[in-house]
Amino acid sequence: EYDILALQKSLTAIMTEKRFYHSLGVQGMSFALAIKYGYDMDKANLAGLLHDCAKDMKDEELIAECRKYKLPITEVENRNGFLLHGKLGAFYAEHKYGVTDTEILSAIYYHTTGKPDMTLLEMIIFVADYIEPNRSSKRIPALNSIRQTAFYDLNKATVDILENTLSYLEKEGQEIDQLTVDAYEYYKIRI
Ligand code: DGI
Ligand code: FE
Ligand code: FE
Ligand code: FE
2 EYDILALQKS LTAIMTEKRF YHSLGVQGMS FALAIKYGYD MDKANLAGLL HDCAKDMKDE
62 ELIAECRKYK LPITEVENRN GFLLHGKLGA FYAEHKYGVT DTEILSAIYY HTTGKPDMTL
122 LEMIIFVADY IEPNRSSKRI PALNSIRQTA FYDLNKATVD ILENTLSYLE KEGQEIDQLT
182 VDAYEYYKIR I
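Start counting at 1 in the sequence shown, then tack on 1, and there's your number in UniProt numbering.
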């Protein structure tokens, strides 16, 4: 249905080399998690590959594009423009790359913050993004342990990722999006 090789080739033109290899890593990890948890492998593959298709843009550019296409921008997103790359990525996936599947679009949309009560694909992409092999375990001490957790308890891996992310953001004094907190609160009582 989709020509993955052609999509990969077109992504090389709009991404840094590092981001491109990250995308391939997320593609492969999403595929593996789909096998493990019984989700459609081709859909996971495509969502993983495209999840950061709006990432290599400046904050102002992300905001301008979201305005142009009338995508909603929250106050927090307005102050932290990079948070919009999921929303805009979902829009690009649909309008530039011809993706019509709403599960794929939603997984791209929410991949940065997560959210409460995610679909299986939303969780797969959220987790795959964090655990893909090109992300360095030197910078995140718990990463290898979360990688193992992801293959026996997806809820627990989601909680571990959100916990690490929230403490990192607090340490860095960065503004926290309500969806990130809501996702954590939702999953921490479900492990
Ligand atoms: O695009 P990637 O780097 O592959 O991964 P991502 O889309 O998950 O973005 C990761 C970054 O997003 C990471 O530095 C943590 C940050 N992030 C996640 N939730 C929030 C957040 N940053 C802010 N300011 N607030 C959040 O709630
Ligand atoms: Fe991202
Ligand atoms: Fe993420
Ligand atoms: Fe990513």
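Think of the CB as a built atom: it goes at the ideal place given N, C-alpha and C, for glycine as much as any other residue.
In this structure, the alpha-carbon of isoleucine 105 lies about 30 Å from that of proline 142.
Tyrosine 70 and glutamate 78 have their C-alpha atoms some 16 Å from each other. Where arginine 80 is concerned, the enclosing alpha helix (DSSP H) starts and stops at 76-80. Counting along the chain, glutamine 28 sits inside the alpha helix (DSSP H) bounded by residues 18-38.
Distances between the C-beta of glutamate 176 and the heavy atoms of ligand 1 include at least one below 7 Å. Relative to ligand 4, even the nearest heavy atom lies 7 Å or more away from the CB of aspartate 4. Excluding residues up to 5 positions away in sequence, Lys157, Ala158, Asp161 lie with their Cβ nearer than 7 Å to the Cβ of threonine 150 in the same chain.
When the Cα atoms are used, asparagine 135 and leucine 8 turn out to be separated by approximately 20 Å.
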